[in-house]
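Note sheet for the following structure.
There are 2 protein chains.
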Amino acid sequence: MAPRNIDTKQEILRIGMDLIKRYGYNAFSYADISKALDMKNAAVHYHFRGKEDLLTGILDQYLNDYVLMGKQLQGSGFTALQKLEKFIERYSVLTEMECICIIGSVASDFNTLPESVKVKIKELVSLVLQMVEKTLQEGKKRGEFHFTESAKTQALLIMTNLAAGVQLSRITGKSDYELIRKALVRQVKG
Amino acid sequence: MAPRNIDTKQEILRIGMDLIKRYGYNAFSYADISKALDMKNAAVHYHFRGKEDLLTGILDQYLNDYVLMGKQLQGSGFTALQKLEKFIERYSVLTEMECICIIGSVASDFNTLPESVKVKIKELVSLVLQMVEKTLQEGKKRGEFHFTESAKTQALLIMTNLAAGVQLSRITGKSDYELIRKALVRQVKG
DNA sequence: GTCTATATTCCGATAGAC
DNA sequence: GTCTATCGGAATATAGAC
């Protein structure tokens, strides 16, 4: 059959990214992806030899996304607060989709993953934490933020508030996430 | 054969509680449990008809544990800070075991679980959050704590710092968890 | 690039012996 | 209460046709 869609690989990544945030890595199958794209599971194997390769592709996509986001924010002229809020917004949308963040999802399955994937997860977490830390430092320098912890510690506090915030919100409802979101912004403003 | 151990059901629960925190609900099997207890998977089915029944049993066990812990702390004469630190200690030990907390674990798998289990998870989360909130209120009344958020919001901040703290720590190392733990205590002290 | 068909392995679960 | 034996189904994956 002629290529139905030259971006099938990208479509598989898109579906996979949704499934991993919605159900978790060990809970979705190639069949879920092939059904969503109306193809056979063998076709998915053509684009990603095995499930671990797919997970690696998904993580690479997130790495690229965050690098791109970092560059865009850097050249945006945004205040530090606006940059932080752009970051927070990524978590807020998750609560509308019954999803948790990619980092929380792979953290839960971490012990079931091969070493090569664990390394990539570490890269992703380091990248995201450093982005937040850098924004916090900038905001403090500019007098926008007045938190008393180190920028690194404050970044850890924010990251954990957001990551587990979307997890809790899945169980107890979105209002708890909103309380967390507003409080963490008050915290950094000091 | 004569009963090898009259507490086999309790042993299954114990192994199950470890597996769910170490690998996640969808990543462990009855075979993992039967191997750990040197029996056949059919024997596990005798004690817990299906995997969902086992998960329900595990959640009931945690509910009982937390209720017991609440009663013990109530009659302990501890300061609010000491009570909070007893709670935090439960999370600290997880980082030594490559485990995440039960709430984070089931939050990740939440969308794959039947309604009856979801209800029990909500009960567990509500119980734990109320325990923390109550301790925070008590500490504020006694002049031990000086946080500015509502007790409920502060409890949410602490819970999310701890839950995602052990998740991050699994990826980036225990030192990040320690930074979070110390900072959140400073926060409530105000 | 996608298909059919199939191999393999594992999982959850049950029947029936002991 | 635990065993052996087995079933049905699903998941990962591969071979080879188109």
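For the record, the sequence lines run as chains A and B. Residues in the first sequence are numbered from 111 upward in steps of one, following the numbering used here. Residues in the second sequence are numbered from 111 upward in steps of one, following the numbering used here. Ideal placement from N, C-alpha and C gives every residue a C-beta, glycine not left out.
{"Item": "Secondary structure, alpha helix (DSSP H): runs of 4+ residues fully inside the region 223-262 of chain B", "Value": "225-251"}
{"Item": "Chain B contact residues for Y133 of chain A, given Cβ-Cβ distances below 7 Å", "Value": "N221, T222"}
{"Item": "Test: N271 of chain A CB closer than 8 Å to a CB of chain B", "Value": "yes"}
{"Item": "Per-residue contacts from D286 of chain A into chain B (C-beta, under 8 Å)", "Value": "L266"}
{"Item": "Contact the region 274-283 of chain A vs the region 238-257 of chain A: 3+ CB pairs below 8 Å", "Value": "no"}
{"Item": "Residue burial classification, V216 of chain B (beta-carbon count within 10 angstroms, cutoff 16)", "Value": "buried"}
{"Item": "Rounded separation between M111 of chain A and L147 of chain A - CA only", "Value": "With a pLDDT of only 46 at M111 of chain A, under 50, the local geometry of the prediction cannot be trusted, and the value read off the model is given with reservation. Approximately 15 Å between the Cα atoms of the pair."}
{"Item": "Three-state secondary structure (DSSP) of M111 of chain A", "Value": "The predicted model places M111 of chain A with a pLDDT of 46, which falls under 50 and marks its position as unreliable; any figure quoted below should be read in that light. Note: M111 of chain A maps to coil in three-state DSSP."}
{"Item": "Check whether Q264 of chain B and V238 of chain B have beta carbons under 8 Å apart", "Value": "no"}
{"Item": "Inter-residue Cα distance where the pair is D286 of chain A and K161 of chain A", "Value": "34 Å"}
{"Item": "Residues that V235 of chain B contacts on chain A, provided the C-beta gap is smaller than 9 Å", "Value": "L278, I281, T282"}
{"Item": "Exposed unless 16 or more other CB atoms sit within 10 angstroms - verdict on N136 of chain A", "Value": "buried"}
{"Item": "CA-to-CA distance, N221 of chain B to E208 of chain A, given in whole angstroms", "Value": "8 Å"}
{"Item": "Segment limits, alpha helix (DSSP H) that includes E195 of chain A", "Value": "190-205"}
{"Item": "Sequence-distant residues of the same chain with beta carbon closer than 8 Å to G134 of chain B, five excluded per side", "Value": "S215, S218, D219"}
{"Item": "Cβ-based contacts, 7 Å cut-off: residues of the region 186-218 of chain A near chain B", "Value": "E208, I210, G214, S215, A217, S218"}
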